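There are 2 protein chains.
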Amino acid sequence: MGTVGKALDLLDLFTRVEPQLGLSQIARASGLNKATCHRLLTELESRGLLEQVGPAREYRLGPAVLRLSALREAAVPTREAAMPLLRRLAEATGETAHLSHIVAGRLQTLAFAYASLGGVKVMMEDADFLPFDATASGAAVLAFHADPEPLIAAARDVEALRDRIAVCRGKGWAETVSTFEKDVHGLAVPLFDAAGHATGALAIAAAAPRMTPELHKTIAQELMRAGAEITGLWGGQLPDAIARLWHP
Amino acid sequence: MGTVGKALDLLDLFTRVEPQLGLSQIARASGLNKATCHRLLTELESRGLLEQVGPAREYRLGPAVLRLSALREAAVPTREAAMPLLRRLAEATGETAHLSHIVAGRLQTLAFAYASLGGVKVMMEDADFLPFDATASGAAVLAFHADPEPLIAAARDVEALRDRIAVCRGKGWAETVSTFEKDVHGLAVPLFDAAGHATGALAIAAAAPRMTPELHKTIAQELMRAGAEITGLWGGQLPDAIARLWHP
DNA sequence: ACCATCGGTTCATTATTTGAACCAAACGGG
DNA sequence: CCCGTTTGGTTCAAATAATGAACCGATGGT
């Protein structure tokens with residue numbers, strides 16, 4: 001990993017919880033020398049990826065990322081294209097739907113949609129990373145990923161993850177109950193790229209107490225239907241094993 | 249400019265017109281050696297800022313930019329906060345409204361809104377750069393910018409730009425007629441940061457044939473009102489000179 | 001008045017970046 | 001069918017840029 005990688009890694013230090021960081025803070029968190037950090041930060045700032053604000057001269061994500069994002073969506077409307085389907089899925093199931101995506105070895109939340117009516121809902125945050133070993137989405141992607149082993153091995157609870165992956169390979173969808181968050185029942189299906197490898201997941205996070213066999217069946221069916229559609233929208237291809245499970 | 253800067257400059261080669269580029273193409277466009285390019289691109293890809301697709305292994309902007317953008321908007325809702333005002337401005341004037349922003353020495357389109365009814369409208373593209381010397385927005389920002397000289401000097405038509413800047417300093421808004429695009433009448437006001445320096449612009453692009461003295465007056469008034477509001481939303485401060493011009 | 005921390009800078013040492021030359025694989029005429 | 005040209009990608013000695021301990025002035029709390 002070269003200098004560029006180190007600089008880009010600094011961007012990951014900025015989170016929703018800590019959106020602004022000082023120089024010393026960044027140096028400590030990254031393990032880099034303060035002078036090195038300063039040079040990298042200055043360079044990121046000169047291109048607008050970061051900006052420096054206030055009398056404390058703290059750094060935060062800059063306006064250039066907005067442009068890159070708009071450009072990406074114009075070229076590959078990953079999010080925009082899937083949003084209508086995601087909303088419909090939330091409505092059809094009455095629960096919270098969300099979409100995630102493997103980026104650089106991590107599972108990134110892309111978008112989510114709440115059902116318009118109903119009482120208790122599972123709330124979500126955008127731009128977060130999901131743990132592979134505690135989410136149905138994680139198991140779903142890895143079950144059909146091109147190279148899952150390193151990601152599985154890196155998980156905290158490898159055994160439970162392998163179990164869930166095996167279930168997903170057999171049924172076409174993955175499931176978790178109260179692992180990531182208490183009282184949340186998760187169901188997920190993988191999404192595929194043009195080569196037929198899973199690169200994302202579509203999931204429903206339902207309030208566990210509300211789950212019934214009928215609702216479970218509805219959710220699984222809707223997920224498979226929407227999963228096939230989004231895969232198609234993204235120019236992906238369902239592998240034979242999945243096509244058989246989803247369209248029996 | 250170090251290695252990181254060179255890598256980040258590569259991101260600018262991806263445009264709406266050419267969203268996917270091959271290695272040789274990028275090397276030629278950037279002037280860097282092919283091997284150097286390849287290393288930088290690989291490093292950008294490893295962090296998800298770029299991705300490589302298809303049998304031709306072309307590069308395009310990657311999904312990580314979506315996360316950064318979501319994080320930025322969560323921390324500093326520049327775009328979201330201004331959108332309602334932008335839409336209201338478009339409605340109130342019946343013309344196309346847009347918002348831009350200085351990022352790393354260039355004027356970047358942040359957002360725009362069309363009036364809901366009416367015939368001819370000026371169309372816009374997101375994530376583009378506006379020339380300082382051919383847009384009302386450019387003159388408006390530079391008229392109250394902290395360090396305008398280098399940006400003015402770099403413009404193609406320096407004289408016309410200086411004239412427009414002088415007008416803007418006197419009136420509080422800038423104007424262009426059919427400079428950027430034919431039959432487009434532009435009016436713009438600067439937007440200010442906490443230090444009272446202009447960092448952005450709010451503008452109306454009107455269909456020139458439709459312009460009347462009354463409409464002109466409406467647009468100028470609405471711009472100044474909305475400009476003050478957005479500046480406030482962004483935590484900015486109107487300089488005295490502008491406060492006097494806008495709230496007589 | 002003191003100590004700790006902050007953001008930022010300096011400069012000799014060191015490690016990384018650089019790029020001409022080199023693959024193998026496609027592609028497009030003649 | 002072959003030859004010239006392009007593609008994406010790799011190699012490695014030479015050149016250059018990154019590194020980090022020590023330093024500075026300013027700020028803030030005790």
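If you read the sequences in order, they're chains L and H. Under this note's numbering, the residue at position 1 of the first sequence is numbered 1, and the numbers go up by one with no gaps. So the mapping is simple: this note's numbering equals the position in the second sequence, first residue as 1, plus 248. No residue lacks a Cβ here, since even glycine has one placed at the ideal position from N, Cα and C. For clarity, every value in this text was computed on a predicted model and none was experimentally measured.
When 9 Å is used as the limit between beta carbons, GLN300 of chain H is near no residue of chain L, the shortest such separation being about 12 Å. Short of 7 Å from the beta carbon of LYS182 of chain L, and not among the five residues preceding or following it, lies no beta carbon of its own chain. Flagged as an interface residue toward chain L: ARG327 of chain H, by a C-beta distance shorter than 8 Å. Think of a sphere of 9 Å around the beta carbon of GLN485 of chain H: no beta carbon from chain L falls inside it, the nearest being about 14 Å out. With a threshold of 16 other beta carbon atoms within 10 Å, SER100 of chain L meets it and is buried. Counting only the Cα atoms, ALA207 of chain L lies some 25 Å from TRP246 of chain L. Contact note: THR251 of chain H reaches chain L through GLY2, THR3 and VAL4, using a C-beta cutoff of 8 Å and chain order. Closest in C-alpha terms to LEU316 of chain H, from the list H:GLU343, H:GLU328, H:GLY296 and H:THR344, comes H:GLY296. Only those residues of the stretch 209-226 of chain L whose C-beta falls short of 7 Å from the nearest C-beta of chain H would be listed, and there are none. Looking at the DSSP output, GLU462 of chain H shares a beta bridge with no other residue. Restricted to the stretch 95-152 of chain L, the alpha helix (DSSP H) segments that are unbroken, complete and at least 4 residues in length are 136-143, listed in chain order. Counting C-beta atoms within 10 angstroms of its own C-beta, ASP163 of chain L has fewer than 16 neighbours from the protein chains shown and is therefore classed as exposed. No Cβ-Cβ contact shorter than 8 Å links GLU470 of chain H with THR357 of chain H. As for any beta strand (DSSP E) of minimum length 3 sitting wholly inside the stretch 438-485 of chain H, the runs are 446-455, ordered along the chain.
The residues GLU321, LEU358 and ALA359, in chain order, have a CB closer than 7 Å to that of ARG327 of chain H in the same chain once the five nearest residues on each side in sequence are set aside.
If you draw a straight line from the Cα of MET371 of chain H to the Cα of THR344 of chain H, it is about 7 Å long. Around the CB of THR424 of chain H, 16 or more other CB atoms lie within 10 Å, so the residue is classed as buried. Around the CB of VAL432 of chain H, 16 or more other CB atoms lie within 10 Å, so the residue is classed as buried. Cβ-Cβ distances below 8 Å link VAL406 of chain H to ASP381 and ILE400 in the same chain, with the five nearest sequence neighbours on each side left out; the list follows chain order. Neighbours of GLU58 of chain L in chain H, taken as residues at a C-beta separation under 9 Å, are lacking, since the least C-beta distance is about 11 Å. GLU462 of chain H sits away from GLY5 of chain L, with the two beta carbons spaced by 8 Å or more.
In the DSSP assignment, GLY434 of chain H is bridged to H:THR424 and H:ALA453. Shown here for MET211 of chain L: same chain residues with a beta carbon closer than 6 Å to its own, the five before and five after excluded, namely HIS185 in chain order. PRO84 of chain L sits exposed, since fewer than 16 C-beta atoms from the chains shown fall within 10 Å of its C-beta. Taking LEU288 of chain H as reference, the option from H:LEU271, H:HIS346 and H:ALA446 with the minimal CA-CA separation is H:LEU271. GLU266 of chain H sits exposed, since fewer than 16 C-beta atoms from the chains shown fall within 10 Å of its C-beta. The beta carbon of LEU358 of chain H falls within 8 Å of a beta carbon belonging to chain L, placing the residue at that interface.
The contact set of PHE14 of chain L on chain H, defined by CB atoms closer than 7 Å, consists of LEU319 in chain order.
Counting the other Cβ atoms within 10 Å of the Cβ of ALA35 of chain L gives fewer than 16, which makes it exposed. Taking a C-beta cut-off of 8 Å against chain L, the contacting residues of the stretch 366-378 of chain H are ASP374 and ALA375, listed in chain order. Under the DSSP assignment, LEU316 of chain H falls in the alpha helix (DSSP H) whose first and last residues are 312-323. Interface with chain H (8 Å Cβ-Cβ cutoff): ARG28 of chain L is excluded. Here GLU45 of chain L carries a helix assignment [DSSP, helix/strand/coil]. The residues ARG106, LEU107, GLN108 and THR109, in chain order, have a CB closer than 8 Å to that of PHE129 of chain L in the same chain once the five nearest residues on each side in sequence are set aside.
Take ILE452 of chain H, set aside five residues on each side of it, and the residues of its chain with a beta-carbon closer than 6 Å to its own are THR341, GLU343, ALA345, LEU435 and ILE467, in chain order. For a Cβ distance threshold of 7 Å, residue set VAL4 of chain L lies close to ALA255 of chain H, ordered along the chain.
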